[in-house]
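Per the numbering used here, the very first residue in the sequence shown carries number 3; after that it's consecutive. Where a beta carbon is used, it is the ideal one built from N, C-alpha and C, also for glycine.
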Amino acid sequence: MENKEDKASKLCDDHKTEAIKYRGIRAMPFIIGNETFEKIGTLGTISNLLVYLTTVFNMKSITAATTVNIFQGTSNMAPLLGAFLSDTYFGRYKTLAFASIASFLGMAVLTLTAAIYKLHPPKCSTSDIGTCVGPTTGQLAFLVSGFGFLVIGAGGIRPCNLAFGADQFDPATESGQKGINSFFNWYYFTFTFGVLVSVTVVVYVQSSVSWAIGLGIPAGLMVLSCILFFMGSRIYVKVKPEGSPLARVAQVLVAATKKRHLQLPDDEPRQLSLFNYMPDDSINSKLPHTDQFRFLDKSAILTPEDQINSDGSAANAWKLCSIQQVEEVKCLARVIPVWASSIIFLTSLVQQNTYVVFQVLQSDRRLGSGGFKVPAASYTVFQMLSLTLWIPLYDRVLVPSLRRLTGKQGGITLLQRMGIGIIFSLITMLLSGLVEKQRRNLALTRPTLGIAPKGGAISSMSGWWLVPQLFLTGICEGFNCIGQIEFYYKQFPENMRSIAGSFFFLGLAGSSYLSGFLVSIVHHITSRTEAGDWLPEDLNKGKLDYFYYLIAALGFINFVYFLVCAKWYKYKAADDTIELSATGEKQTEKLIV
């Protein structure tokens with residue numbers, strides 16, 4: 003009982019062990035509700051941003067796509083800084099509070115750009131598409147300020163929301179462990195539901211009713227998000243920051259470099275001859291010694307010059323580090339190669355939110371015979387619908403069946419789950435190329451249906467032909483993206499959970515920048531060839547399918563790289579070596595990829 007009270011005092015101010023046990027359930031409505039309203043308020047608008055920039059701000063397709071890629075890349079890069087500030091200075095609760103307010107301000111600024119006519123260029127008709135007046139410097143500056151607030155909001159919300167929710171469960175109990183495992187899937191489920199509503203109702207209002215009203219609704223939802231979050235303040239478990247975990251990483255690197263000329267002891271187990279200290283109040287689990295990255299072990303070699311404090315800690319952490327600290331750094335070092343494989347994988351998903359929108363604009367969007375046209379950005383609802391249907395099926399049907407066959411708590415290992423997602427992404431890009439080829443052929447050989455808002459003839463191919471690739475994209479996310487989030491959370495040391503939460507978004511940032519780079523370089527190179535530009539304003543004159551095949555080829559190379567990393571990877575023993583026997587009892591086994 004004494005150990006449990008010590009843990010409770012470290013997690014919250016009231017020192018009540020009973021509260022720790024039940025807060026996971028009590029706090030979820032506020033945390034999940036905040037996340038749902040925040041996603042309804044922002045992601046639908048972001049998915050429709052290409053249409054907004056090309057139709058309201060009169061940007062060209064390449065410029066708009068590059069702008070969106072930079073904005074999304076920066077939004078996904080910001081969580082790394084937000085995670086550092088959260089873990090080091092403010093804690094997750096204060097970071098989330100500040101970020102939620104920043105997101106509201108960002109949506110308010112975007113609403114003003116649509117509502118006040120002086121804050122956007124004059125409207126341009128389809129017939130005058132080549133002579134449209136672009137935005138002024140002042141208009142762009144005001145728009146970018148809105149993007150800036152949204153980046154700040156993303157920087158705080160994305161790395162902390164998931165970890166903050168997991169903080170509400172006690173990982174020392176079996177019910178808490180099960181709650182955390184299920185929380186990842188259901189967190190993503192509610193996240194997807196929020197996006198589902200956003201890309202249908204909100205996008206429809208923006209595209210078919212009024213941009214001012216359509217952007218005002220998300221701003222109002224962000225107010226509700228903030229209110230709901232603050233309503234739960236009294237029952238949250240608020241883990242206090244313990245200082246910069248990145249400083250501990252730097253200490254190991256510096257100490258290992260200083261002692262690079264020393265020889266590691268030959269005795270086995272080697273950790274008995276190295277400095278082995280772990281504070282009593284550490285929230286990190288005790289890690290066994292591993293043979294990977296042996297160079298880092300040199301930072302734990304105890305020399306006559308090293309001094310030890312009375313409590314057993316090193317007097318100078320930049321010269322001597324504990325083997326526990328070294329193993330924590332190794333956890334990070336092992337994750338990075340696997341994380342790198344996510345960049346190209348996520349690049350294939352980025353295309354389903356950028357160029358697919360342009361494809362839809364030049365496809366038949368009519369629904370039935372009534373003349374209603376589905377908004378281009380709303381087609382991403384099928385991606386969300388696929389994911390929404392897949393997650394409960396996977397969590398409640400597939401995982402229990404696989405668990406009985408494999409004995410693994412998650413049915414399959416996290417790396418296996420991520421690898422399956424990469425395979426589905428390759429299939430998705432190949433299918434995307436085939437569908438685009440058919441769309442373009444029909445536009446060139448059959449009667450067209452008019453001119454798209456951004457220029458170019460509208461193909462007679464129904465936009466419904468784009469649905470299968472969007473459904474596959476949702477399954478890709480169900481396997482790889484959720485697997486990535488859980489992988490980072492479980493493989494990082496406990497004091498780096500916010501940074502772990504930012505790693506997925508850091509991969510998204512890399513994919514957005516890579517996508518923007520590929521779009522620019524392909525456009526620059528192919529526009530000078532006799533065959534013509536692959537990515538022109540009018541997709542009917544380009545070769546977008548070749549661009550998709552290029553990404554598929556990069557994805558195949560990336561898959562081979564991922565297999566190498568997965569074969570080499572060693573799971574963090576404290577988490578992923580826990581297996582289930584046929585009778586449900588825990589046992590320790592070596593995990594395979």
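Restricted to the stretch 341-429, not a single beta strand (DSSP E) segment is unbroken, complete and at least 3 residues in length. Secondary-structure assignment with DSSP links S464 through a beta bridge to D366.
Following the DSSP letters along the chain, one finds K260 inside the alpha helix (DSSP H) bounded by residues P247 to K260. Here the C-alpha atom of Q493 lies approximately 9 Å from the C-alpha atom of A575.
By the criterion of a C-beta distance shorter than 6 Å, L107 is surrounded in its chain by F151, once the five residues flanking it on both sides are discounted.
In the DSSP assignment, H263 falls outside any alpha helix (DSSP H), carrying neither H nor E. With respect to the 7 Å criterion, V239 and D283 are not classified as neighbours on the basis of their beta carbons.
Below 8 Å, too few C-beta pairs join the stretch 51-64 and the stretch 343-353 to call them touching: fewer than three. T447 is classed as exposed because its beta carbon has fewer than 16 other beta carbons within 10 Å across all chains shown. Here the alpha carbons of S77 and T139 stand approximately 22 Å from one another.
The criterion of a C-beta distance shorter than 7 Å is satisfied by Q326 and M280.
I338 has no beta-bridge partner at all, per DSSP. Looking at I64, L552 and T68, the one whose alpha-carbon comes closest to that of S514 is T68.
If you look at M109, you'll find it in the alpha helix (DSSP H) that goes G93 to A117. Per DSSP, the continuous alpha helix (DSSP H) segment holding V53 begins and ends at L51 to T57.
Going by C-alpha positions, G409 is about 22 Å away from I487.
In this structure, the straight-line span from the alpha carbon of I42 to that of G35 is close to 11 Å.
Taking C-beta atoms as the reference points, F32 and M233 count as a pair closer than 7 Å. A distance below 7 Å separates the beta carbons of L428 and G557.
Only residues of its own chain outside the window of five on either side were considered, and among them W320 have a CB closer than 6 Å to the CB of V256, listed in chain order. The three-state reading of DSSP puts A459 in strand, counting E and B together.
Per DSSP, F86 is one residue of the alpha helix (DSSP H) stretching across S63 to L87.
When DSSP states are grouped into helix, strand and coil, I310 belongs to the strand group. No Cβ-Cβ contact shorter than 7 Å links Q364 with I453. Sequence-distant Cβ neighbours of L112 in its own chain, meaning closer than 6 Å and more than five residues away, are G148 and L217. Three or more Cβ pairs closer than 8 Å define a contact, and the stretch 431-451 falls short of that threshold against the stretch 402-420. With contacts defined as CB atoms closer than 7 Å, L121 and F144 qualify as a contacting pair. The three-state reading of DSSP puts I453 in strand, counting E and B together. Between C333 and Q253, the C-beta spacing is not below 7 Å. The DSSP-derived three-state label of A316 is strand. Classified as buried, Y573 has 16 or more neighbouring CB atoms from the shown chains inside 10 Å of its CB. When the beta-carbon positions are compared, A568 and L395 stay at least 7 Å from each other.
Going by DSSP, N560 is part of the alpha helix (DSSP H) stretching over L546 to W570. Rounded to whole angstroms, the gap between the alpha carbons of N318 and E330 is 18 Å.
Excluding five sequence positions before and after R367, the CB atoms of its chain that fall closer than 6 Å to its own CB belong to K375, V376 and G465, given in chain order. Of the candidates L289, N311 and N278, the residue whose Cα lies closest to the Cα of S301 is N278.
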